[in-house]
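K.L.:
For the sequence shown, the UniProt record's numbering assigns the number 1 to the initial residue and increments by one for each residue that follows.
Encoded as structure tokens, here's the structure I'll be asking about.
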Amino acid sequence: MVGQLSHEVEVNVAASEAWELYGTLRLAKLVKEELSTLLEKTETIQGDGGVGTIFKLTFPLGTPGFTSYSEKFTKVDHEKRLKEVEVIEGGYLDLGFTLYRFRFEIIEKGNDSCIIKSTIEFDVKEEAAANVSYATIEPLAKVAELVKTHLIKNKAAKDAN
């Protein structure tokens, strides 16, 4: 069973500013600091944020489904402001998914406006089809809203100086 889920949020900052977070490891640090209920621990296993970076995410006890998984950055395109990350160990793979990919796109709307588009693509084994309910865009939507708030607050602080 193949599926895809997406979420978009418009942010009144330049696309380059939003990409400064999404295109680097700074995003994980921000999420860990601000959304500790969503993410307990982040660990860079290898890499510096470019293609091939492997990252381990650990979730708080009581998170339904699993406690951790490792993901690999498979595409980081600074020109197109596009990042793709695939789960490579644990988590969704333990639930019968054969593919679980996150895609983040920063789409320029104008000089001071962009859209953060978050997409999940997945493929789950037929015998594990009941686990498709674990595929949710909600965490990525929360991250996008957090980033929006963070970027707008930073922009206001810069404008005030």
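We treat Cβ as the ideally placed atom computed from N, Cα and C, and that holds for glycine.
#1: Determine the DSSP secondary structure at E126, reduced to helix, strand or coil.
#2: Is it buried or exposed for E71, if we count other Cβ within 10 angstroms and need 16 for buried?
#3: From the DSSP output, which residues share a beta bridge with S16?
#4: Assign A144 to one of two classes, buried (16 or more other C-beta atoms within 10 Å of its C-beta) or exposed (fewer than that).
#5: I'd like to know if the region 116-129 and the region 56-65 are in contact, where contact means that at least 3 CB-CB pairs between them fall below 8 Å.
#6: For S68, which of helix, strand or coil comes out of DSSP?
#7: Looking at the unbroken alpha helix (DSSP H) that takes in K29, where does it start and where does it end?
#8: For the candidate residues L146, I115, I152, D159, whose alpha-carbon lies nearest to that of K29?
#9: Per DSSP, what kind of secondary structure is I45 in: helix, strand or coil?
#10: Restricting to Cα atoms, I'd like to know which of S36, A160, T149, Q46 is closest to L21.
P.N.:
Based on what the coordinates show:
#1: It is helical.
#2: The residue in question, E71, is buried, as its Cβ has 16 or more Cβ neighbours within 10 Å.
#3: DSSP lists no partner for S16.
#4: The residue in question, A144, is buried, as its Cβ has 16 or more Cβ neighbours within 10 Å.
#5: The region 116-129, when compared against the region 56-65, does not touch it at the 8 Å Cβ threshold.
#6: Three-state DSSP puts S68 in a strand.
#7: Looking at the DSSP string, the run of the alpha helix (DSSP H) that includes K29 is 26-34.
#8: Comparing alpha carbon positions, the residue from L146, I115, I152, D159 closest to K29 is L146.
#9: In this structure, I45 counts as strand in the three-state DSSP scheme.
#10: Out of S36, A160, T149, Q46, T149 has the C-alpha closest to the C-alpha of L21.
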